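Protein chains: 2
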Amino acid sequence: MKKPLRPAAKAVRPSALQAESLRQTRREHASETAEDYVEAIADLSASQGEARVVDLARRLGVTHVTVNRTLARLQREGFVSVQPYRAIFLTPTGLKLAEECQHRHRVVVAFLRSLGISEKIAEIDAEGIEHHVSPETLAALARHTHR
Amino acid sequence: MKKPLRPAAKAVRPSALQAESLRQTRREHASETAEDYVEAIADLSASQGEARVVDLARRLGVTHVTVNRTLARLQREGFVSVQPYRAIFLTPTGLKLAEECQHRHRVVVAFLRSLGISEKIAEIDAEGIEHHVSPETLAALARHTHR
DNA sequence: CTCAAAGTGTAGCCAAGGCTACATTGTGTA
DNA sequence: TACACAATGTAGCCTTGGCTACACTTTGAG
C-alpha cells in the first residue's frame with residue numbers, strides 16, 4: 001500500500017470507535033420501530049383485550065397506512081401474527097421483546113423521575129433514550145435510582 | 001359525531017402522550033444526522049485543519065457516497081458550505097450546532113462514566129442517547145455527575 | 001512534467017417509514 | 001336484514017440514508 005496523500009486524521013475522538021458507535025446506533029434504530037410496535041401491541045392487548053390497527057395508529061402517532069405496512073414487515077420478521085381485518089397478535093418472540101422493552105422503559109423513566117425530571121419530560125426523553133441503553137447502562141441506572 | 005364501533009383504548013400509557021413522545025423522537029431522528037455530521041466536521045477541522053469527505057466517511061462509518069449526498073442536504077439546510085473537490089466548512093449556524101452537540105456529548109459521557117460504565121460502552125451509549133436528551137434532563141445529568 | 005493513485009463526484013439501485021387518495025370489508029343500528 | 005360508516009387494505013408518491021459501479025479531478029513522487 002502506498003503512502004496516502006494526506007496523513008490519516010488524528011481526531012479528538014478516535015475515528016474507529018466513533019464509526020463503530022454510530023454503526024451501532026444505526027443498528028439500534030432499525031429495531032426501534034419493532035420495539036415501539038410490540039410494546040404498543042402488548043399494552044393494547046392488556047388494556048383492551050385486543051390490538052387493532054386504528055388503536056396502534058393513534059398510539060404511535062402515524063396513519064393506519066404506515067401501521068399496516070410496518071405490521072407486514074414485523075410479520076415477515078416473526079414478531080407478530082396478522083390476518084386481514086382481524087386483531088393483531090404477538091408471537092412468542094414478539095412477546096418476549098415487548099416485555100424487555102416495557103421493563104427498560106420503566107427503568108429509564110423511574111431513573112429520570114428520581115433525578116427530578118417532570119413526568120411528561122421523563123416520558124418523552126425515555127421514549128428516545130430507551131432504545132440506546134445497553135444492558136450495562138440499564139443495570140447502572142437501576143442501581144442509581146434513588147427510591 | 002357518532003359512537004364508534006369499539007370504545008377508545010384506555011391504555012396503560014395514555015395514547016396521546018405516547019404518540020406525542022414518539023413524534024418528538026422522530027423529529028429528533030431527523031436532526032441526528034445533521035448533528036453527527038457537524039460534530040465530526042468540527043472535530044476534524046480542529047484536529048487536522050480541514051475536513052475532507054474521506055475523513056468524514058471514515059469517522060461516520062459510511063461510504064463517501066453517503067457523505068456526499070448528506071453534505072448536499074446539509075448545505076441546502078444551511079449548516080455547511082461545500083465546493084467540489086474542496087474542504088468542507090461549517091456555517092455559523094453549523095458551528096453553533098456543533099458546539100452544542102459536543103457539549104451535550106461530553107456531559108452524557110461524563111455522566112455515564114461517573115456511573116461506573118466503561119469508556120467504550122459509555123461512548124457507544126452516549127452516541128445513541130445524546131440526541132434524545134432534553135435541556136432539562138441534560139442539566140440534571142450535569143448536576144448528578146459525581147466528580 | 002507526467003501520470004498513477006487517492007480523492008471526489010454521479011448514476012442508479014434498495015429498504016424503511018412517512019403521506020394522500022381511493023377501494024374493500026365488517027358490523028351495529030335503524 | 002340493509003346499509004352507513006368505521007375499520008382495514010392497496011396504490012403510488014416522497015425523503016432519508018444505505019450501497020456498488022463507474023467517471024472525473026487533484027496531487028505528489030519520480
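Going down the list, the sequences are from chains A and B. The opening residue of the first sequence carries number 1 in the numbering used here; numbering runs sequentially from there. The opening residue of the second sequence carries number 1 in the numbering used here; numbering runs sequentially from there. For every residue, glycine included, the Cβ atom is placed at its ideal position computed from N, Cα and C. Remember, it's a predicted structure, so these values are computed and weren't measured experimentally.
- When DSSP builds the beta bridges, which residues end up paired with Ala87(A)? In the DSSP output, where bridge partners are listed per residue, Ala87(A) has none listed.
- Rounded separation between Thr70(A) and Ala122(B) - CA only: In a straight line, the C-alpha of Thr70(A) is about 32 Å away from that of Ala122(B).
- Task: Would you tell me roughly how many angstroms separate the C-alpha atoms of Ser45(A) and Ala87(B), rounded to the nearest one?
- Result: A straight-line Cα-Cα distance of about 54 Å links Ser45(A) and Ala87(B).
- Item | First and last residue of the uninterrupted alpha helix (DSSP H) at Ile41(A) | Note, Ile41(A): alpha helix (DSSP H), Ser15 to Gln48.
- Task: Return the first residue and the last residue of the alpha helix (DSSP H) that Phe111(B) is part of.
- Result: Secondary structure note for Phe111(B): its alpha helix (DSSP H) is the uninterrupted segment Pro92 to Ser114.
- Task: List the whole-angstrom C-beta distance separating Cys101(B) from Val38(B), where the pair is believed to meet the contact cut-off of C-beta under 8 Å.
- Result: That belief holds up - the Cβ atoms of Cys101(B) and Val38(B) are roughly 7 Å apart, short of 8 Å.
- Could you spell out the range, first to last residue, of the alpha helix (DSSP H) harbouring Arg76(B)? Note, Arg76(B): alpha helix (DSSP H), His64 to Arg76.
- Relative to chain A, which residues along the segment 15-29 of chain B have a C-beta separation below 9 Å, given in chain order? Answer set for the segment 15-29 of chain B: Ser15, Ala16, Leu17, Gln18, Ala19, Glu20, Ser21, Leu22, Arg23, Gln24, Thr25, Arg26, Glu28 and His29.
- Which residues of chain A have a Cβ atom closer than 9 Å to the Cβ of Ile121(B), listed in chain order? In chain order: Ser134, Glu136 and Thr137.
- Task: Using a Cβ-Cβ cut-off of less than 8 Å, list which residues of the segment 83-113 of chain A approach chain B; keep chain order.
- Result: Per Cβ criterion, the list reads Leu112.
- Item | Close beta carbons around Glu181(B), own chain, < 6 Å, minus the five adjacent residues each side | Outside the displayed span of chain B (1 to 147) sits residue 181(B), for which this structure offers no information.
- Item | Contact set between Leu74(B) and chain A, taken where Cβ atoms lie within less than 8 Å | Listed by position along chain A, the residues whose Cβ is nearer than 8 Å to that of Leu74(B) form an empty set, because the closest Cβ is around 16 Å away.
- In chain A, what lies closer than 8 Å to Ile41(B) by C-beta? Correct list: empty, because the minimum Cβ distance to chain A is about 11 Å.
- Message: Taking the beta carbon of Ala8(B) as the centre, do at least 16 other beta carbons fall within 10 Å, making it buried, or is it exposed?
- Response: Any reading at Ala8(B) must be qualified, since the residue scores a pLDDT of 43, below 50, and its modelled position is unreliable; no value is offered.
- Query: What residues in the segment 53-64 of chain B bring their beta carbon closer than 7 Å to a beta carbon of chain A?
  - Reply: Cβ contacts with chain A come from Asp55, Arg58, Arg59, Leu60 and Gly61.
- Task: Can you grab the Cα-Cα spacing for the pair Ala139(B) / Ala126(B), in whole Å?
- Result: Those two C-alpha atoms are separated by around 15 Å.
- Message: Strictly below 8 Å CB to CB, what residues from chain A border Gly116(B)?
- Response: Within 8 Å Cβ-Cβ: Ala140.
- Query: Quick one: is Gly78(B) near chain A, going by C-beta distance under 9 Å?
  - Reply: Output row for Gly78(B): interface = no.
- What are the boundary residues of the alpha helix (DSSP H) that includes Gly128(B)? Its alpha helix (DSSP H) spans residues Glu119 to Ile129.
- Neighbourhood of Ala110(A) by C-beta, 7 Å cutoff - its chain only, sequence neighbours within 5 removed: Taken in chain order, the residues that qualify are Thr145.
- Message: Going by DSSP in three states, Leu138(B) sits in which element: helix, strand or coil?
- Response: Here Leu138(B) sits in helix by DSSP.
- Message: Would Ala148(B) pass as an interface residue toward chain A - the criterion being a Cβ-Cβ separation below 9 Å?
- Response: Since the displayed chain B opens at 1 and closes at 147, residue 148(B) lies outside it and no answer follows.
- Task: Taking only the alpha-carbon atoms, compute the straight-line gap between Leu90(A) and Ile41(A) and give it to the nearest angstrom.
- Result: Each residue's Cα considered, the two are about 7 Å apart.
- Roughly how many angstroms separate the alpha carbons of Pro84(A) and Leu95(B), rounded to a whole number? C-alpha separation (whole angstroms): 51 Å.
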